[in-house]
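Enquirer:
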DNA sequence: TTCGATGTTGCATAC
DNA sequence: CGTATGCAACATCGA
Ligand SMILES: Cc1cc2nc3c(=O)[nH]c(=O)nc-3n(C[C@H](O)[C@H](O)[C@H](O)COP(=O)(O)OP(=O)(O)OC[C@H]3O[C@@H](n4cnc5c(N)ncnc54)[C@H](O)[C@@H]3O)c2cc1C
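Residue numbers (the UniProt record's numbering): 1 to 601.
(1) Compute the Euclidean distance between the alpha carbons of residue 617 and residue 87, then round it to the nearest angstrom.
(2) Three or more beta-carbon pairs under 8 Å between the stretch 118-129 and the stretch 42-55, yes or no?
(3) Check this for me: beta carbons of residue 602 and residue 32, under 9 Å apart or not?
(4) Just to confirm the assignment, what range does the beta strand (DSSP E) spanning residue 36 have?
(5) Nearest by alpha-carbon distance to residue 557: which of 339, 363 and 373 is it?
(6) Using DSSP bridges, identify the partner residues of residue 453.
(7) What residue range does the alpha helix (DSSP H) around residue 429 cover?
(8) Using DSSP bridges, identify the partner residues of residue 349.
(9) Following the continuous beta strand (DSSP E) through residue 97, name the residue where it begins and the one where it ends.
(10) Would you identify the three-state DSSP class for residue 225, choosing helix, strand or coil?
(11) Does DSSP put residue 482 in a helix, a strand or coil?
(12) Give the secondary structure of residue 7 by DSSP, where H, G and I count as helix, E and B as strand, and everything else as coil.
(13) Using the Cβ count rule (16 or more neighbours within 10 Å means buried), how would you classify residue 230?
(14) Inspect the beta-carbon positions of residue 262 and residue 307 and report whether they are closer than 9 Å.
(15) Excluding the 5 residues preceding and the 5 following residue 537 in the sequence, name in chain order all residues of the same chain whose CB lies nearer than 6 Å to its CB.
(16) Helix, strand or coil for residue 277 per DSSP?
(17) If you reduce the DSSP assignment to three classes, tell me which class residue 264 lands in.
(18) Is any heavy atom in ligand 1 found nearer than 8 Å to the beta carbon of residue 466?
(19) Can you determine whether any heavy atom of ligand 1 sits closer than 8 Å to the C-beta of residue 175, and answer yes or no?
(20) So the candidates are 402, 471, 446 and 416; which of them puts its Cα closest to the Cα of residue 437?
(21) Which of the three DSSP states is assigned to residue 128 in this structure?
(22) Ignore the nearest five residues each way along the sequence and tell me which others in residue 114's own chain have a CB closer than 6 Å to its CB.
(23) Would the beta-carbon of residue 90 be found less than 8 Å away from any heavy atom of ligand 1?
(24) Around the Cβ of residue 336, are there at least 16 other Cβ atoms within 10 angstroms (buried) or fewer (exposed)?
(25) Is residue 319 near ligand 1, going by C-beta to nearest heavy atom under 8 Å?
(26) Rounded to whole angstroms, what is the Cα-Cα separation between residue 121 and residue 18?
(27) Just how far apart, CA to CA, sit residue 400 and residue 407?
(28) Determine the burial state of residue 12: buried for a count of at least 16 other Cβ atoms within 10 Å of its Cβ, exposed for fewer.
(29) Leaving out the 5 sequence neighbours to the left and right, which residues in its chain are closer than 6 Å to residue 55 when beta-carbon positions are compared?
(30) Look up residue 381 in the DSSP assignment and give the residues it is bridged to.
(31) What's the C-alpha gap between residue 577 and residue 328?
(32) Who are the near neighbours of residue 28 in its chain, counting only those whose CB is closer than 8 Å to its CB and skipping five residues on each side?
(33) What did DSSP end up calling residue 578 once you bin it into helix, strand or coil?
Structure follows, in structure tokens:
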């Protein structure tokens, strides 16, 4: 007789859940829909108020949906780390089977492996079911031999050689009762979260005390979904509510305009549109699994079938495949989230790049001694983060990100390019961390992958193409996005809305703008910053080494790039006389002399 | 092995 | 308003 825990994670829905269906196929006597409030996300991973709220709403919606199907059931939310909580539940609830949907980022893979071992050791059957993506990465890997695919076209060809993703399945019409849930003698000392708490990156998002781990089953003891107050989180300011109900409602609304779907061309959509946005804004729902990607994909297929429609990569189905692209590459790339040890990531001597000791351990940022140049870079990073650079297009986007948690893809391009390859020459890892905090759709595959793209570290190498300060004016000359998110500039005429520093004093005065007071002066001369950064990019590309190169592993890569620049500056003409000759990377160190500590897959 | 076509999404200028 | 061209220039893929 099966007694089953269904462990909900980034699959907060009842429609089209192959993993949940697998749990139901066990014909359980009792089914416990369970959630573990993992301290990793409370402390270590950067999660701002908007994404917390989105998650809590998604959990509440799922819990309500469960209760609607079976009034005796709900989402049972436990506060603690899955590797301690779940084994305790397996014992206390006399579980025979535990089921969850497969996840693919480095942290969850390691965590889930640990849970799997603990469960198996306790004699519990473990069922891990694919469902978050269209294609099971393992099926793709079987065709690719696990090699990263840095180009979209060949990757899509591989997908086309696999069976088409299945049509979605319906939400269950019944759910088994849960069993008794008594957990009276759980002790926090056996479920400590202290080591996580020591590495807290989220203090800046709280305005109250975090009390989430004061209990296991919530203040009311009813396994309820936590509140923002329990997390001590500051007030959310977003406009996109979480949950499966909302996801399906938005999907339905989007599907009404068939022409828009048939003619969708991503690069032509307006990054400055926000009410409504020019793309679907389904990303946060896909991230938390409130919307099944198969449901989305098949709705799109059914609309475009038999029409003359746009194609991948620019079509909407093409967008779904970009999601597959980054999920796959994350899975097969060691050290995906870092530069050091990452074989697909070009080494570029960014400002504020992470530092490592000679054992290869990261040096905490609080211990860094910054050069004057890096102090300057920190100021730029801070201004960028909070939308105070003095470049309205950049600032409006960053403020929209912080306030609403969703920005258009090309808006992400604009600000990511600015911070890295375009102007500020700051490490993409820093930008990635800011997005991690503020995005409601943050996803470790897509965020890191796209940051590597935008910084021309991987997937994309045309570093000399740079988005300008008036990029948004390609769609909207009057700068509606700026007027919305930088209201202090709202009275400026269209002519100067993107570049107020070019406006005559009289125009500024008329608009009530005083640069340096009501709105920042540009943090640097954009033309000069771009020229400087482009020269450095050129040099890094000339040296051409990647994160797995010996010089990166032993910490001498920055010096190597400086020497490269010095050699080029010394009037060494040989390279420039044969400009089309590609320089092969120095392959030393690929299979390592002595290499400091490095996580290897 | 070599080489040319291609690559979601640059900009400024010309017509 | 659109589209074409030059600008300086890279890596990957496949014929
Ligand atoms: C620097 C940077 C960071 C990003 N970080 C994230 C992130 O953390 N989470 C995230 O979901 N997307 C991220 N993206 C990708 C993309 O910008 C968003 O997925 C998209 O803007 C979401 O809006 P939408 O749902 O309206 O997209 P639509 O255009 O409507 O596309 C539909 C769906 O396709 C998928 N998709 C679209 N574009 C991409 C892409 N480039 N890569 C992968 N999947 C894609 C998304 O799931 C999206 O919801 C990032 C892009 C950049 C440039």
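We treat Cβ as the ideally placed atom computed from N, Cα and C, and that holds for glycine.
Expert: Reading it off the structure:
(1) Nothing in the structure corresponds to residue 617, since the chain is present only between 1 and 601.
(2) no
(3) Lying before the first or after the last residue shown, residue 602 is absent from the chain, which here runs from 1 to 601.
(4) In the first chain, counting from the first residue as 1, residue 36 sits at position 36. 30-37 is the span of the beta strand (DSSP E), which, as asked, contains residue 36.
(5) Counting from one through the first chain, the residue named residue 557 turns up at place 557. Closest option to residue 557, Cα to Cα, is 339.
(6) In the first chain, the residue the question calls residue 453 occupies position 453. Paired residues: none, contrary to the question.
(7) Here residue 429 corresponds to residue number 429 of the first chain, with the count starting at 1. 428-438 is the span of the alpha helix (DSSP H), which, as asked, contains residue 429.
(8) Position 349 of the first chain, counted from the start, is the residue given in the question as residue 349. The partner list for residue 349 (beta bridge, DSSP) is empty, contrary to what the question assumes.
(9) Reading the first chain from its first residue, position 97 is the one you call residue 97. Where residue 97 is concerned, the enclosing beta strand (DSSP E) stretches over 97-101.
(10) The residue you call residue 225 lines up with position 225 of the first chain. Three-state result, residue 225: coil.
(11) If you number the first chain from 1, residue 482 lands on position 482. In the structure shown, residue 482 sits in a helix (DSSP, three-state: H, G or I).
(12) Taking the first residue of the first chain as position 1, residue 7 is located at position 7. Reduced to three states, the DSSP call for residue 7 is strand.
(13) By 1-based counting over the first chain, the position of residue 230 is 230. It is buried - the Cβ of residue 230 has at least 16 other Cβ atoms within 10 Å.
(14) The sequence position of residue 262 within the first chain is 262, counting from 1. The sequence position of residue 307 within the first chain is 307, counting from 1. In contact: residue 262 and residue 307 (Cβ atoms closer than 9 Å).
(15) In the first chain, the residue the question calls residue 537 occupies position 537. Same-chain partners within the cutoff: 421 and 463.
(16) By one-based count along the first chain, residue 277 stands at place 277. Residue state, collapsed to three classes: strand.
(17) Your numbering for residue 264 matches position 264 in the first chain. Residue state, collapsed to three classes: coil.
(18) If you number the first chain from 1, residue 466 lands on position 466. Every heavy atom of ligand 1 is 8 Å or more from the Cβ of residue 466, so no.
(19) Against the first chain, residue 175 aligns to sequence position 175. No, the Cβ of residue 175 stays beyond 8 Å of every heavy atom of ligand 1.
(20) Walking along the first chain from the start, residue 437 turns up at place 437. The shortest Cα separation from residue 437 among 402, 471, 446 and 416 belongs to 402.
(21) Numbered from its first residue, the first chain carries residue 128 at position 128. Strand, per DSSP.
(22) Taking the first residue of the first chain as 1, we reach residue 114 at position 114. Once the five neighbours on either side are set aside, the close Cβ partners of residue 114 are 83.
(23) The residue you call residue 90 lines up with position 90 of the first chain. For ligand 1, not one heavy atom lies less than 8 Å from the Cβ of residue 90.
(24) Position 336 of the first chain holds residue 336. Buried.
(25) Numbered from 1 along the first chain, position 319 holds the residue referred to as residue 319. Because some heavy atom of ligand 1 lies under 8 Å away, the Cβ of residue 319 counts as near it: yes.
(26) For the purposes of this step, residue 121 is identified with residue 121 of the first chain, where counting begins at 1. For the purposes of this step, residue 18 is identified with residue 18 of the first chain, where counting begins at 1. Approximately 25 Å, taken between the alpha carbons.
(27) Sequence index remark: in the first chain, residue 400 carries index 400 (1-based). Sequence index remark: in the first chain, residue 407 carries index 407 (1-based). Looking at the two C-alpha atoms, the distance is approximately 7 Å.
(28) Walking along the first chain from the start, residue 12 turns up at place 12. Label assigned to residue 12: buried.
(29) If you number the first chain from 1, residue 55 lands on position 55. Result list for residue 55: empty, nothing under 6 Å.
(30) Here residue 381 is taken as the residue at index 381 of the first chain, counted from 1. According to DSSP, which records beta bridges pairwise, residue 381 is partnered with nothing at all.
(31) Counting from 1 along the first chain, the entry for residue 577 is found at position 577. Counting from 1 along the first chain, the entry for residue 328 is found at position 328. Low confidence applies here, because residue 577 scores a pLDDT of 34, under 50, leaving its location unreliable and the question unanswered by this model.
(32) Taking the first chain and counting its residues from 1, one reaches residue 28 at position 28. The answer, listed in chain order, is 2, 3, 4, 97 and 176.
(33) The count along the first chain starts at 1 and reaches residue 578 at position 578. Per-residue confidence for residue 578 stands at a pLDDT of 36, beneath the threshold of 50, marking its modelled position as unreliable; the derived number appears in the next sentence. In the structure shown, residue 578 sits in coil (DSSP, three-state: anything other than H, G, I, E or B).
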